[in-house]
Amino acid sequence: MSSYSNEKQNHVGETQTPQIEDSDTLSALVLGANLVFPAVLNAAIKLNLFEIIAKESSLDNGGFLSAFEIASKLPTQHSDLPNRLDRMLRLLASYSLLSVSTRTNDDGSIVRVYAITPSGKYFSHDENSDHGYLGYFTSFMCHPALIGLW
Numbered sequence: 001m002s003s004y005s006n007e008k009q010n011h012v013g014e015t016q017t018p019q020i021e022d023s024d025t026l027s028a029l030v031l032g033a034n035l036v037f038p039a040v041l042n043a044a045i046k047l048n049l050f051e052i053i054a055k056e057s058s059l060d061n062g063g064f065l066s067a068f069e070i071a072s073k074l075p076t077q078h079s080d081l082p083n084r085l086d087r088m089l090r091l092l093a094s095y096s097l098l099s100v101s102t103r104t105n106d107d108g109s110i111v112r113v114y115a116i117t118p119s120g121k122y123f124s125h126d127e128n129s130d131h132g133y134l135g136y137f138t139s140f141m142c143h144p145a146l147i148g149l150w
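The opening residue of the sequence shown carries number 1 in UniProt numbering; numbering runs sequentially from there.
Right under this line is the structure:
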C-alpha cells in the first residue's frame with residue numbers, strides 16, 4: 001500500500017503549461033475579425049484602387065505607387081485619405097493581393113509603395129485581359145442585405 005501512495009505523490013506535481021504560439025494567436029485573431037478583410041476588399045473595389053495600381057504596372061516606375069500617389073488619383077480628397085488608404089493597402093498586401101516595398105523620396109523620407117500581384121489582377125476590371133473579374137462577386141457577398149442574413 002505504501003508504494004502505491006508514493007507513486008501517486010510523485011506524479012502530482014508534474015503538470016505542464018501549454019506553450020501558446022504567436023502564429024496560433026494570430027490565426028485566431030484573423031478568424032475572429034473575418035469581416036474586416038471583405039469590407040476593405042469591397043471598399044478597394046468601389047474606389048477602383050486595383051485599376052489605379054494596375055495602370056501603373058506598364059509605366060517606368062515598376063508599377064509601384066505610394067498611398068499618397070493613389071489618393072491623388074481619387075475624386076474625393078481629404079487630409080487623412082493617404083493614411084487611411086495605407087492601412088487598407090497594407091491589409092490587401094497581407095493577403096497577397098498587392099505587393100509592398102519601400103522607396104526613398106527626394107527629401108529622404110521612406111514611404112511604402114504598392115504594386116498589383118497576379119491574384120490582385122482578378123479585382124482589376126480590364127476588358128483586354130485574359131483573367132476573370134471577381135469584383136462583382138465580392139460586392140455581392142458584401143451587400144448589406146446578404147450580410148444581414150448571417
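Glycine included, C-beta positions come from ideal geometry on N, C-alpha and C.
- Sequence-distant Cβ neighbours of Ile-110 in its own chain, meaning closer than 8 angstroms and more than five residues away, are Thr-102, Arg-103, Thr-104.
- If you draw a 10 Å sphere on the C-beta of Asn-48, you find 16 or more other C-beta atoms in it, and that means buried.
- Listed in chain order, the alpha helix (DSSP H) runs fully inside the stretch 100-147 are 135-141, counting runs of at least 4 residues.
- Within 10 angstroms of the beta-carbon of Lys-121 lie 16 or more other beta-carbons, which makes it buried.
- Looking at the DSSP output, Leu-65 shares a beta bridge with Tyr-114.
- The three-state secondary structure of Leu-47, taken from DSSP, is coil.
- Pairing Asp-22 with Leu-91, the inter-Cα distance amounts to about 19 angstroms.
- Nearest Cα to Ser-96 within the set Asp-107, Phe-37, Leu-26: Phe-37.
- Cys-142 and Ala-44 do not touch by the CB rule: their CB atoms are close to 11 angstroms apart, not below 8 angstroms.
- Here Glu-56 has Gly-63, Leu-65 as same chain residues with Cβ atoms under 6 angstroms from its own Cβ, once five neighbours each way along the sequence are excluded.
- DSSP places Leu-35 in the coil class of the three-state scheme, outside both helix and strand.
- Under the criterion of beta carbons closer than 8 angstroms, Asp-126 and Ala-67 do not qualify as touching, at roughly 22 angstroms.
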